[in-house]
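Residue numbers (the numbering used here): 143 to 383. Have a look at the structure below before the remarks.
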């Protein structure tokens, strides 16, 4: 069985939209400003993008607000570029559109409930998948309720995140929500998951460049307490070598 090329699938979708002269409404789940920087720079050329900041996995209140504030600051900068028609140094042009943001409810209890029983699973395993499922289902529901045609996530830009798992979870979330709509358990319109692997074609490298350009706060762990403990342990081990 051939491995799917999610980035190529995204490119094919965009080619189809451009051929038909359509600009779909896209809800982009965003984990943080640095990861979203390249995703937004790229997607705003082809979609009417709204950011969905829903990350109850960020278990420290101060950390959460630091990240959401940085996301809002980045969006303001990108929207200023559109208003002033000044894209110097950006991989964007006059086709770029302004970006909106929806901030989801912040309740870490939702995260702890979702990963209950998986607390001792190492980073990158089944606990992370449960976290992805929580966030992408909420993104899919929000997309359907607000009239979006597509949703996706910035998480695939990270070299530490498995794009196969994320795309699988995203497609499952779309199916779950569409079945709820068909059964009359959720109002709204059917939605589709937009495949992605934003790290491809130097996407991750570009996100680092943009983070430096705009002075974005770059955290060194995903947000949950488990990842923070693992990161601190790794730092201590490296220091002791």
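Every residue gets a Cβ at the ideal spot worked out from N, C-alpha and C, and that includes glycine. If you're wondering where the values come from, they're calculated on a predicted model, not measured in any experiment.
Original post:
Using DSSP with H/G/I as helix, E/B as strand and the rest coil, what is residue 336?
Top reply: Looking at residue 336 - three-state DSSP - the assignment turns out to be coil, as it is neither helix nor strand.
Original post:
Leaving out five residues before and five after residue 185 in sequence, what residues of the same chain have Cβ atoms less than 7 angstroms from its Cβ?
Top reply: 168, 170 and 191.
Subject >> For residue 243, the three-state DSSP class (helix, strand or coil) >> reply: Reduced to three states, the DSSP call for residue 243 is strand.
Subject >> Unbroken stretches of the alpha helix (DSSP H), 4 residues or longer, contained in the stretch 310-364 >> reply: Taking only runs of at least 4 residues, the alpha helix (DSSP H) segments lying wholly in the stretch 310-364 are 345-356.
**OP:** Decide if residue 316 is buried, meaning its Cβ has at least 16 other Cβ atoms within 10 Å, or exposed.
**Re:** With 16 or more other Cβ atoms within 10 Å, it is buried.
Original post:
Pick from 258, 305 and 314: whose alpha carbon is nearest that of residue 281?
Top reply: Scanning 258, 305 and 314 for the CA closest to the CA of residue 281 turns up 314.
Original post:
At what residues does the beta strand (DSSP E) containing residue 168 begin and finish?
Top reply: Residue 168 -> beta strand (DSSP E) spans 167-171.
**OP:** Leaving out five residues on either side along the sequence, give the residues of the same chain with a beta carbon under 6 angstroms from the beta carbon of residue 200.
**Re:** The answer, listed in chain order, is 206 and 365.
Original post:
Quick one: complete beta strand (DSSP E) runs, 3+ long, within the stretch 225-308?
Top reply: Qualifying beta strand (DSSP E) stretches, in chain order: 242-245 and 292-295.
**OP:** For the alpha helix (DSSP H) holding residue 189, just list the boundary residues, first then last.
**Re:** From DSSP, residue 189 is part of no alpha helix (DSSP H); its letter is neither H nor E.
Original post:
For residue 271, which residues from the same chain have a beta carbon less than 7 angstroms from its beta carbon, with the 5 sequence-adjacent residues on both sides left out?
Top reply: 307 and 311, listed in sequence order.
Original post:
From what residue to what residue does the alpha helix (DSSP H) around residue 153 run?
Top reply: Counting along the chain, the alpha helix (DSSP H) containing residue 153 begins and ends at 148-162.
Original post:
CA-CA distance, residue 294 and residue 261?
Top reply: CA-to-CA, the gap between residue 294 and residue 261 works out to about 26 angstroms.
Original post:
Sorted by chain position, which residues of the same chain lie with C-beta nearer than 6 angstroms to residue 174's C-beta, five sequence neighbours on each side aside?
Top reply: Within the same chain, residue 174 has close Cβ partners 209.
Original post:
Relative to the C-alpha of residue 333, which residue among 342, 180, 343 and 322 is closest?
Top reply: For residue 333, the closest C-alpha among the options 342, 180, 343 and 322 is that of 322.
Subject >> Given residue 231 as reference, the closest of 212, 218, 177 and 183 once Cα atoms are compared >> reply: Answer by Cα proximity: 183.
**OP:** Going by CA-CA distance only, name the one from 160, 162 and 178 that's closest to residue 348.
**Re:** Closest option to residue 348, Cα to Cα, is 178.
**OP:** Tell me whether residue 160 is buried or exposed, calling it buried when 16 or more other Cβ atoms sit within 10 Å of its Cβ.
**Re:** Residue 160 is exposed by the Cβ-count criterion.
Original post:
Anyone know if the C-beta pair for residue 148 and residue 338 falls short of 7 angstroms?
Top reply: With respect to residue 338, residue 148 sits close: the two C-beta atoms are nearer than 7 angstroms.
**OP:** Tell me, to the nearest whole angstrom, how far the beta carbon of residue 358 is from that of residue 198; I am working on the premise that it is less than 8 angstroms.
**Re:** Actually they do not touch by this definition, with Cβ atoms about 22 angstroms apart.
Original post:
Going along the chain, which residues of its own chain have a beta-carbon closer than 8 angstroms to the beta-carbon of residue 250, five neighbours each way excluded?
Top reply: Here the set comprises 198, 199, 200 and 201.
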